[in-house]
Amino acid sequence: MTTKPTPFTEMTTKPTSEGPSTEATTLYTSQPTTFSTRSPTTSESTTSAGPTTMSTTISTESTTRTICECRDLKRNQIWACGEKWTEDCINKTCKGGKIEMTSVTCPNPVRPTMCPRGQMVRVSDGCCDYWKCDCRCDLYGDPHYISFQGVTFDFLDNCTYILVKEKTLRHHLTVAVDNYFCIPELDGSCAKGIILQYQNNTATVSIVPDEYRVKSTLNQKSVEPPYEENGIRFETTGYMVSVYIPEIRSHISLTPSNTVTVTLAMEHFLHNTQGQCGLY
3 MTTKPTPFTE MTTKPTSEGP STEATTLYTS QPTTFSTRSP TTSESTTSAG PTTMSTTIST
63 ESTTRTICEC RDLKRNQIWA CGEKWTEDCI NKTCKGGKIE MTSVTCPNPV RPTMCPRGQM
123 VRVSDGCCDY WKCDCRCDLY GDPHYISFQG VTFDFLDNCT YILVKEKTLR HHLTVAVDNY
183 FCIPELDGSC AKGIILQYQN NTATVSIVPD EYRVKSTLNQ KSVEPPYEEN GIRFETTGYM
243 VSVYIPEIRS HISLTPSNTV TVTLAMEHFL HNTQGQCGLY
């Protein structure tokens, strides 16, 4: 008789739990600043076969990046990377959080060849010099005119006439001359004053015959050159008084001997004038 071995039961027990592991990391870099953080997320599951509990940790990652920019702490100004500007004749670029600088390169100034009556002037934009055309109208005597185009003629009436007016209003400039019969025995008139209207201002220069001088007013208030207000500047040589408008690079002048000059910048008034000084 053979006896079978008695069966036995093998039992294996797994650890009932595993402790959660937690990981936290912080990274720092320079410009542009980047940092990342890891924070643990714990999930738990339980099996029905026994009191076995499993705990795992899953990391989530978030990243934040600062804006690339350049700062001027003294003036409290900020520029974005890639932004360009010119300041004090220096070209500046914000790049990688730093301001790169190069000097402005000026072109060689070239004299224009087609200025009316050959009138030109050398001007500066603060960094570079350029030649630009002017257009000039003259009145003298009783009175004789030289127009913007160089045409000469006489105009003898005693009244106020428009010398310059814009066809299309851009700068709101008008210049008029006030004539009077300066020689009683002759049928002739002379310029005794100029009326300049610019935007919302009215400037005048007029001759004081008994004193052989020119007086000035701005918005009906007497002013003594040198004087500047509302973008209008008065200057004098002691004999001639001039009124300048720097914004449009133009001016008028009057002397006690009845001489009038009107000078306009071509870049502001080309093909846009009418009046006794002619089309320009």
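Just remember that my numbering sits 2 ahead of the position in the sequence shown, which is counted from 1. Heads up, the beta-carbon is just placed ideally off N, CA and C, and yes, glycines get one too. All figures in this text were calculated on a predicted structure; none of them were measured in a lab.
Please state whether DSSP places residue i in a helix, a strand or coil.
i    : result
H270 : helix
E89  : strand
E230 : strand
E71  : strand
A26  : Reliability fails at A26, whose pLDDT of 36 lies under 50, so the model's placement of it is uncertain and no value is given.
For residue i and residue j, what's the separation of their Cα atoms in angstroms?
i    : j    : result
T39  : A82  : Interpretation of T39 is limited by its pLDDT of 42, a score under 50 that renders its predicted location unreliable; the figure taken from the coordinates is listed afterwards. Straight-line Cα distance between these residues: approximately 27 Å.
Y246 : R235 : 5 Å
E249 : K217 : 24 Å
Y200 : L175 : 5 Å
C129 : Y182 : 46 Å
I196 : V177 : 7 Å
G84  : E269 : 32 Å
K94  : S126 : 21 Å
I92  : T104 : 6 Å
V153 : D140 : 10 Å
C161 : D90  : 49 Å
I209 : P111 : 39 Å
V225 : R113 : 37 Å
I254 : T68  : 56 Å
F271 : C279 : 13 Å
Y142 : R77  : 53 Å
L198 : S252 : 11 Å
C96  : T88  : 12 Å
P186 : Y163 : 21 Å
V106 : L75  : 24 Å
C108 : T257 : 38 Å
C184 : T265 : 25 Å
E231 : Y241 : 22 Å
C137 : L165 : 13 Å
Using alpha carbons as the reference points, say which of the options lies closest to residue i.
i    : options                : result
T259 : V243, W87, T170, Q201  : Inspection of the sequence shows that residue 259 is occupied by Ser rather than by Thr. The residue with the shortest Cα to Cα distance from S259 is V243.
Y214 : T261, V225, T204, K223 : T261
R119 : E102, Q151, D144, M103 : Q151
L171 : N274, N160, G280       : N274
G233 : L220, W87, E226        : L220
T115 : P109, C108, W133, G98  : W133
A267 : D189, C108, I69, Y282  : Y282
H173 : L158, N202, D189       : N202
S191 : V179, I164, L158       : L158
V207 : I185, C108, T263       : T263
P211 : E231, S149, Q222, K194 : K194
D180 : S149, P186, E187, D144 : D144
G99  : V106, C108, K86        : K86
Bridge partners of residue i, per DSSP?
i    : result
T115 : Answer is none; T115 lacks a bridge partner.
Y132 : V125
F183 : DSSP output for F183 lists no bridge partner at all.
G195 : D180, S208
Q79  : D74
C137 : L266
D156 : H146
Return the chain-ordered list of same chain residues with a C-beta closer than 6 Å to the C-beta of residue i, the five sequence neighbours on each side being excluded.
i    : result
I80  : E71, R73
H146 : D156
C135 : P114, C117, M122, M268
Q276 : K167, K169
R124 : D131, W133
A205 : L198, L220, I234, V245
I101 : C72, K94
Against chain B, does residue i count as a neighbour if the rule is that its beta carbon must be under 9 Å from one of theirs?
i    : result
D189 : The structure shown contains no chain B, having only a single protein chain.
Once you ignore the five residues that flank residue i on each side, which residues in its own chain have a CB closer than 8 Å to its CB?
i    : result
P228 : R235, F236, E237, T238
Less than 7 Å between C-beta atoms, sequence neighbours within five positions excluded: which residues of the same chain meet that for residue i?
i    : result
D189 : L158
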